[in-house]
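Next comes the structure, spelled out in structure tokens:
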């Protein structure tokens, strides 16, 4: 039975490559879930490993299928990253952008040196760059650039296969290396206790640390008080003393809820419900009276809004200095895909998505004019207009068809680079007009994940038969180069960030993880810190590197081709 089953499976996979792609996704994401300490390969790398193994059965995958998956991914990458990329083109972003410059220059120099010394072909060089820098998008832009080289079709297929194989080897080495050095070795070099440094920064930013040593999230909380010291004061007077960090939501007298007005004067034994930031309510008892353990009788439903920050007056300012309309509180700050700590000292950026709680009675009045002073309110549900994706891919493909000769070497952004640039611009415009019918975040996430994994599966299947040949050719050279290309740029950034920029350890290590576009490294650093302060550095460098590194794919292919013997 097994003798007839295997040929049947092989024939089915060869006849229907789509079946092989989705099998690679199935097994690949299972592989990617395996965790060894702080190391987890993730679905994309797992898919590549599964595709290379299945690809040993000589499964041809049409180039058009791979291109469709890749264009979906690169559009979603640009569209989702556009708002933060342009928002970081400011003084602070440019300051931390030096890490991205170090990453690009150091990686290019190391890859080109290895290419010249070891006589690497352009495919292997590009794959080594993509893997060691842990930026999967470079695989797509590099393979697209190789398809434009003036070479026989068999050579192009071989070079594209080398991109994937070199990427798979160096990615695993680069990922493991960057996770270990950023979360374990670099703190030893800096001679700091990372958790203590993170707690210190958290406190400086207005957060608080619980008695068990864990940093408390500055979430919006409710507290009830029985009025004593606050008797005789009006609601307006108490609210003025509270500031913007908390608000009076309910006043109960003799079991009856009173109409909440600024002129309402509190009496002894009134019950008052306050809603605000956890840390701001610590000293409230001295102002009002004893805190009540049970507030169920005064429970209040709060309106929640998500608003894209567009007000220039609020940008680049700490949250504590931002004047919000009465009764509104920022509960969370989404920057790109990351949720930033909503601490008093957290600086807002244009195109941040603010989760705002409305504590005013009725709530609805805040949805109009008050929120317009902050930015555009995002609709609760927004259907996707996939025509935007079609337009971006069409315009990007046209843009990528143009080439420029520099020193006799042809350079072109290619389809990937063109679609990425157009996606960036459209994503930035959408952030300014969040009310428009466009592509929502859930659809973008699916396009990004499915597009990249499907593309990686396709090229992995096509490259399977020649993967072993490349591994046998270079042996341990590629893994060692992957480690070196991951460590050297990160070490240079560590020195620059510590001795020149004087960054705190959590922010510095987060920035290094961001320049590598390494989410696993960020997770390991946050685990070591015990809070989310590394995000303060990560979001800026990640937003820049996630755009710049993919554009290096065509560049490394062009430069490596120029180093080939005539």
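Residue numbers (full-length UniProt numbering): 1 to 566.
Backbone N, C-alpha and C fix where the C-beta goes; we use that ideal spot for every residue, glycine too.
Buried or exposed for residue i, going by 16 or more other Cβ atoms inside 10 Å?
i, result
"residue 531", "buried"
"residue 569", "Because the chain is modelled from 1 through 566, residue 569 falls outside the range shown and cannot be assessed."
"residue 290", "exposed"
"residue 66", "buried"
"residue 145", "buried"
"residue 172", "buried"
"residue 472", "exposed"
"residue 495", "exposed"
"residue 540", "buried"
"residue 8", "exposed"
"residue 351", "buried"
"residue 105", "exposed"
Determine the DSSP secondary structure at residue i, reduced to helix, strand or coil.
i, result
"residue 308", "strand"
"residue 538", "helix"
"residue 498", "helix"
"residue 249", "strand"
"residue 21", "helix"
"residue 340", "strand"
"residue 453", "helix"
"residue 317", "coil"
"residue 59", "coil"
"residue 442", "helix"
"residue 36", "strand"
"residue 195", "helix"
"residue 436", "coil"
"residue 148", "coil"
"residue 212", "At residue 212 the pLDDT is 48, less than 50, meaning the model places this residue with poor confidence; the figure from the coordinates comes in the next sentence. Coil at residue 212, not helix or strand."
"residue 545", "helix"
"residue 135", "coil"
"residue 655", "As shown, the chain starts at 1 and ends at 566. That puts residue 655 outside it, with no answer to give."
"residue 165", "helix"
"residue 325", "coil"
"residue 533", "coil"
"residue 119", "coil"
Less than 8 Å separating the beta-carbons of residue i and residue j?
i, j, result
"residue 197", "residue 506", "yes"
"residue 515", "residue 493", "yes"
"residue 462", "residue 161", "yes"
"residue 247", "residue 274", "yes"
"residue 329", "residue 400", "no"
"residue 231", "residue 268", "yes"
"residue 96", "residue 57", "no"
"residue 54", "residue 24", "yes"
"residue 179", "residue 524", "yes"
"residue 460", "residue 52", "yes"
"residue 234", "residue 265", "yes"
"residue 384", "residue 443", "yes"
"residue 80", "residue 427", "yes"
"residue 40", "residue 520", "yes"
"residue 77", "residue 137", "yes"
"residue 415", "residue 71", "yes"
"residue 513", "residue 503", "no"
"residue 110", "residue 441", "no"
"residue 260", "residue 251", "yes"
"residue 142", "residue 556", "yes"
Name the two residues that bound the continuous alpha helix (DSSP H) containing residue i.
i, result
"residue 286", "284-287"
"residue 205", "Element bounds for residue 205: n/a, residue is neither H nor E."
"residue 79", "63-87"
"residue 564", "Note, residue 564: premise wrong, no alpha helix (DSSP H); not H, not E."
"residue 354", "That residue, residue 354, is in no alpha helix (DSSP H); its beta strand (DSSP E) goes 353-358."
"residue 519", "519-529"
"residue 44", "42-54"
"residue 475", "Element bounds for residue 475: n/a, residue is neither H nor E."
"residue 515", "505-515"
"residue 185", "Counting along the chain, residue 185 falls outside any alpha helix (DSSP H), and DSSP gives it neither H nor E."
With DSSP as the reference, identify every bridge partner of residue i, one or two as the case may be.
i, result
"residue 276", "221 and 246"
"residue 375", "309"
"residue 227", "289"
"residue 155", "Paired residue(s): none; residue 155 is not in a bridge."
"residue 234", "265"
"residue 303", "358"
"residue 257", "252"
"residue 347", "318"
"residue 271", "226 and 252"
If I follow the unbroken beta strand (DSSP E) through residue i, where does it start and stop?
i, result
"residue 335", "328-335"
Cβ-heavy atom distance between residue i and the ligand ZN below 7 Å?
i, result
"residue 261", "In terms of ligand content, the structure shown is empty, and the ligand ZN therefore cannot be addressed."
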